[in-house]
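These protein sequence lines map, in sequence, to chains A and B. With this note's numbering applied, the first sequence corresponds to residues 571 to 791, in that order. With this note's numbering applied, the second sequence corresponds to residues 485 to 980, in that order.
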Amino acid sequence: MPSAPSTYAGVADVATVLILLSEFAMLRAPLLRSQIRLYAFQSLVVTALAIVIASTRHIEELYVLALLSFGLKVVLVPSLVMRLLRKADLELGGSSALGVPSMILLAIGVSAIGFFSIGSLQVHSIALPTTALAISAAVVLVAFLPIIFRADVVSQAIGFFSLENGVSVASLVVAAKLPLVVEVAFLFDLLLAVVVFGLIMRLHHGRTGSLSTEELDRLKG
Amino acid sequence: MSSILVILVTMPFAVAIASFFIPTKAAKIITIAAGAVAFVLALALVPSAATRSQIVAGSLLRVDALSAVFLVATTFLYGTTAVFASGYLSLSNNDAGKRYGRRFYAGLNLFCWSMTAAPLVNGLALLWVAIEITTVISALLVAIDDTDEATEASWKYVLIASLGLGIALLATIIMYYAGTAAFGSSYELSFTKLLSGAGKFPADVVRLSFVLAVLGYGTKMGLAPVHTWLPDAHSEAPTPVSALLSGALLAISFYAILRYFQIAIRSIGPTFPRDVLLIFGLASLVLASLYLLAQRDLKRLLAYSSVEHMGILAIGMSFAAPIAIVGVLLHVLAHAAAKGTAFFGAGSVVRKFATKDMRKIRGGIDLLPWSGPMFVAAILALSAMPPFGIFRSEFLIVSGGLQDPRDFATVVLVILVTMAFFGLSWFATQTMLSPKDTSMTPGPSGVATLVKGEVSIYIVISMGIGLIALVILGVHPPEVLLRLLNHAAAELGVPK
Numbered sequence: 571m572p573s574a575p576s577t578y579a580g581v582a583d584v585a586t587v588l589i590l591l592s593e594f595a596m597l598r599a600p601l602l603r604s605q606i607r608l609y610a611f612q613s614l615v616v617t618a619l620a621i622v623i624a625s626t627r628h629i630e631e632l633y634v635l636a637l638l639s640f641g642l643k644v645v646l647v648p649s650l651v652m653r654l655l656r657k658a659d660l661e662l663g664g665s666s667a668l669g670v671p672s673m674i675l676l677a678i679g680v681s682a683i684g685f686f687s688i689g690s691l692q693v694h695s696i697a698l699p700t701t702a703l704a705i706s707a708a709v710v711l712v713a714f715l716p717i718i719f720r721a722d723v724v725s726q727a728i729g730f731f732s733l734e735n736g737v738s739v740a741s742l743v744v745a746a747k748l749p750l751v752v753e754v755a756f757l758f759d760l761l762l763a764v765v766v767f768g769l770i771m772r773l774h775h776g777r778t779g780s781l782s783t784e785e786l787d788r789l790k791g
Numbered sequence: 485m486s487s488i489l490v491i492l493v494t495m496p497f498a499v500a501i502a503s504f505f506i507p508t509k510a511a512k513i514i515t516i517a518a519g520a521v522a523f524v525l526a527l528a529l530v531p532s533a534a535t536r537s538q539i540v541a542g543s544l545l546r547v548d549a550l551s552a553v554f555l556v557a558t559t560f561l562y563g564t565t566a567v568f569a570s571g572y573l574s575l576s577n578n579d580a581g582k583r584y585g586r587r588f589y590a591g592l593n594l595f596c597w598s599m600t601a602a603p604l605v606n607g608l609a610l611l612w613v614a615i616e617i618t619t620v621i622s623a624l625l626v627a628i629d630d631t632d633e634a635t636e637a638s639w640k641y642v643l644i645a646s647l648g649l650g651i652a653l654l655a656t657i658i659m660y661y662a663g664t665a666a667f668g669s670s671y672e673l674s675f676t677k678l679l680s681g682a683g684k685f686p687a688d689v690v691r692l693s694f695v696l697a698v699l700g701y702g703t704k705m706g707l708a709p710v711h712t713w714l715p716d717a718h719s720e721a722p723t724p725v726s727a728l729l730s731g732a733l734l735a736i737s738f739y740a741i742l743r744y745f746q747i748a749i750r751s752i753g754p755t756f757p758r759d760v761l762l763i764f765g766l767a768s769l770v771l772a773s774l775y776l777l778a779q780r781d782l783k784r785l786l787a788y789s790s791v792e793h794m795g796i797l798a799i800g801m802s803f804a805a806p807i808a809i810v811g812v813l814l815h816v817l818a819h820a821a822a823k824g825t826a827f828f829g830a831g832s833v834v835r836k837f838a839t840k841d842m843r844k845i846r847g848g849i850d851l852l853p854w855s856g857p858m859f860v861a862a863i864l865a866l867s868a869m870p871p872f873g874i875f876r877s878e879f880l881i882v883s884g885g886l887q888d889p890r891d892f893a894t895v896v897l898v899i900l901v902t903m904a905f906f907g908l909s910w911f912a913t914q915t916m917l918s919p920k921d922t923s924m925t926p927g928p929s930g931v932a933t934l935v936k937g938e939v940s941i942y943i944v945i946s947m948g949i950g951l952i953a954l955v956i957l958g959v960h961p962p963e964v965l966l967r968l969l970n971h972a973a974a975e976l977g978v979p980k
């Protein structure tokens, strides 16, 4: 590991842990609105992390990336989903196949798997302490839980968006100097995905009059 | 040559924009023209791709023998689907019909544009971007019919496929990290570069990236157990879109996996990548052959047949013999033609009987004098009957597999493919060859009142083109195509 100043490593570790904790908080948030706020907060931490790396490691491109990710993930995506929610006039998320305590226990389990399996890879990073990569793997795995167990389109979509946050952290760790054009292409694609998610969520709401996915059982076999 | 690459990535996009603004009748014509031109241009690339190591246009576009194979498959379906769609869609002349037509043709061309661009772009990151674009566009196309089922299918599709692509994105940046060992911390993710330096990549990191890539892109390719979106999306999408999803989109995702395979074998040797593909391939084949025996829905039947064929592709890649790899690449082409033709036939049947439920479809061959028999032929082609292309490709794969130390996989392959054959041919013969049953009343009119005759001449033409291609691939593939396949198989092999 390069001789990083210890405060820097500390800040980076706190930020990545915050990202993982907000993922856990989403699991226990019953209100859809609070899930969206937590996602916005999580994206804000990712943006802050990018700025810290940009200034400490002198990677100017990351400023551009941080700006774009702020606009997209902290402002645009949450406000789009909020708008959908207001139209749908809904507060609570759909029922969950697992209770909060079991979901949290499961989340601890999968994050331990992610943390130790990726941590054992001995990846050396120029930008961040390597524990950050292990934590980002945990974030990606935990993000699957609301998608699997929550039965409403908003929780599932937010789960996917936060999975993307985990991937963003991983890319800050191992690919901080990825060419900017590629990073922008990734973000542009996320934007497209968000628009399409939103369109299909609206379509779904228009047809079923709810955001629940429990009626989505016509197609099987 | 490089100007062809530029035309191939710009023309479909331009046609898509144009189709949104012009009347549907004109959009039909320019879509057919664009598909035909794209196919001819792809064919024009074949002779040089078969001999040269690569054709580049700028730093962003690149074609080698491997990408040329997938380009030919995709553009072939672009053209034939355009012909089919113009016969399949029956739009009312009111505002809703016009709006549907505009959206449909713009979407269809955009979808084909993204799938044509995927094998043309130079680099793993751009490849990911192109495949992500295929997802968002095709999810909207799946939802376009605006029924309960279509909405359900498109939600499952966009969610599961996006998750898969999230994993694939992780694979991309981890492969980027692997490359920093050879090229320093900032470099371009182009194929030429990655392939040249792959020997110096750290092994564990490449392994992780490869597994994530197979899992991520495998979701879009329809490998079990991450195939679950596939039967829903294939059955609920408008039939032209189903044909493209099955014949081209799955293949393009397979192409992405092959690119990782190519890098991985140069870095960590062939054993690990082959094992991973073998496991996913066997799982897909087992699952699909069982589900094929218990289907009621005609389009779901074809969808599970796609899972089966993707499994065959993955298993084929796990064999060491170069002849098996040639078989796999030929299989990509033959499957595109066969699955396209089968879906065109299914579209004709569904339009005629106004149902997808195979229990309510009887006497297809009496009612559809041309597309009926051709549909049966397409099903036989999918079941690897001679003289069609899939017979040749599966024959190559199996004979390559028998030379492999792991020939148990070949035995399992043959048994499962036979089971799948039973499922496919049982249902196809039931619906098409058994006499029409006048007691059943599907749809508003009932079989008894259905009159003999084709839905549209365009459907017959598109199926005819597909079958001719299948026979050519099966009986006597052109010399230059075989050279292309051999060259591409050599690119995929372990470098000497």
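We put the CB at the ideal spot given by N, CA and C, even for glycine. Computed from a prediction, not measured in an experiment: that's the story for all the values here.
Gly702(B), buried or exposed, once every other Cβ within 10 Å from all chains shown has been counted against 16: By the C-beta density criterion, Gly702(B) is buried, having at least 16 other C-beta atoms within 10 angstroms.
Among Leu649(B), Leu733(B) and Gly800(B), the one whose alpha carbon lies nearest that of Arg890(B): Checked all of Leu649(B), Leu733(B) and Gly800(B); the closest Cα to Arg890(B) is Gly800(B).
Span of the beta strand (DSSP E), counted from its first residue to its last, around Ile623(A): No beta strand (DSSP E) holds Ile623(A); the alpha helix (DSSP H) holding it covers Leu602 to Arg627.
Given 8 Å, three or more beta-carbon pairs between the region 825–845 of chain B and the region 706–724 of chain B: Between the region 825–845 of chain B and the region 706–724 of chain B, the count of Cβ pairs shorter than 8 Å is three or higher; the stretches touch.
Burial state of Ser576(B), where buried means 16 or more other Cβ atoms lie within 10 Å: Classification of Ser576(B): exposed, given that the 10 Å Cβ count is below 16.
Residue span of the beta strand (DSSP E) that contains Ala778(B), given as start and end: Going by DSSP, Ala778(B) is part of no beta strand (DSSP E) at all; its letter is neither H nor E.
Through-space distance from Phe594(A) to Gly729(A), alpha-carbon basis: Looking at the backbone, the Cα of Gly729(A) and that of Phe594(A) are separated by about 11 Å.
Under 8 Å from the C-beta of Asp583(A): neighbouring residues of chain B: Chain B residues near Asp583(A): none, gap ~20 Å exceeds 8 Å.
Inter-stretch contact at 8 Å, needing at least 3 Cβ pairs: the region 574–592 of chain A / the region 606–624 of chain A: Yes, they touch.
Boundaries (first-last residue) of the alpha helix (DSSP H) holding Ile899(B): Bounds of the alpha helix (DSSP H) holding Ile899(B) are Asp891 to Leu917.
Span of the alpha helix (DSSP H) around Ala541(B): Careful: Ala541(B) lies outside any alpha helix (DSSP H), inside the beta strand (DSSP E) at Ile539 to Ala541.
Closer than 9 Å to chain A by CB, Pro496(B): Taking Cβ atoms only, chain A never reaches closer than 9 Å to Pro496(B), which makes this a no.
Contact set for Ser566(A): own chain, Cβ-Cβ below 6 Å, skip 5 residues either direction: No answer is possible for residue 566(A): the residues shown for chain A start at 571 and end at 791.
Same chain only: Cβ atoms within 7 Å of Ala534(B), ignoring 5 sequence neighbours per side: Excluding positions up to five away in sequence, the list reads Ala549, Val964, Arg967, Leu968 and His971.
DSSP three-state assignment for Leu786(B), whether helix, strand or coil: The answer is helix: DSSP assigns Leu786(B) an H, G or I state.
Among Leu786(B), His711(B), Arg780(B) and Val499(B), the one whose alpha carbon lies nearest that of Gly765(B): Ranking Leu786(B), His711(B), Arg780(B) and Val499(B) by Cα distance to Gly765(B) puts His711(B) first.
Per DSSP, cross-strand counterpart(s) of Val605(B): DSSP lists Leu545(B) as partners of Val605(B).
Within-9 Å CB hit, Val642(B) to chain A: Taking Cβ atoms only, chain A reaches closer than 9 Å to Val642(B), which makes this a yes.
Counterpart residues of Asp722(A) in DSSP-defined beta bridges: Beta bridge pairing from DSSP links Asp722(A) with Ser782(A).
Contacting residues, own chain, Cβ-Cβ under 6 Å from Glu616(B) (five flanking each side not counted): Within the same chain, Glu616(B) has close Cβ partners Leu649.
According to DSSP, residues forming a beta bridge with Asp632(B): Partner(s): none; Asp632(B) has no beta bridge.
Within 9 Å of chain B by C-beta, residues of the region 708–730 of chain A in sequence order: So the close ones are Val710, Ala713, Phe714, Ile717, Val723, Gln726, Ala727, Gly729 and Phe730.
Minimum C-alpha distance to Leu982(B) - residue among Ala818(B), Thr913(B) and Ser773(B): Residue 982(B) is absent from the structure shown; chain B starts at 485 and stops at 980.
Bridge-paired residues (DSSP) for Ser666(A): Looking at the DSSP assignment, Ser666(A) forms a beta bridge with Arg720(A).
Proximity of Ser486(B) and Val540(B) at Cβ, strictly below 9 Å: For Ser486(B) and Val540(B), yes; Cβs fall inside 9 Å.
Where Asp632(B) meets chain A, residues with beta-carbon distance less than 7 Å: Think of a sphere of 7 Å around the beta carbon of Asp632(B): the chain A residues whose beta carbon falls inside it are Arg777 and Arg788, in chain order.
Selected residue, minimal CA-CA separation from Phe803(B), among Gly706(B), Gln887(B), Asp629(B) and Ile736(B): Ranking Gly706(B), Gln887(B), Asp629(B) and Ile736(B) by Cα distance to Phe803(B) puts Gln887(B) first.
Nearest residue (CA-CA) to Leu715(A), options Gln692(A), Leu742(A) and Pro671(A): It is Pro671(A) whose Cα lies nearest to the Cα of Leu715(A).
Check whether Gly811(B) and Gly884(B) have beta carbons under 9 Å apart: Contact check for Gly811(B) against Gly884(B) passes: the beta carbons are separated by less than 9 Å.
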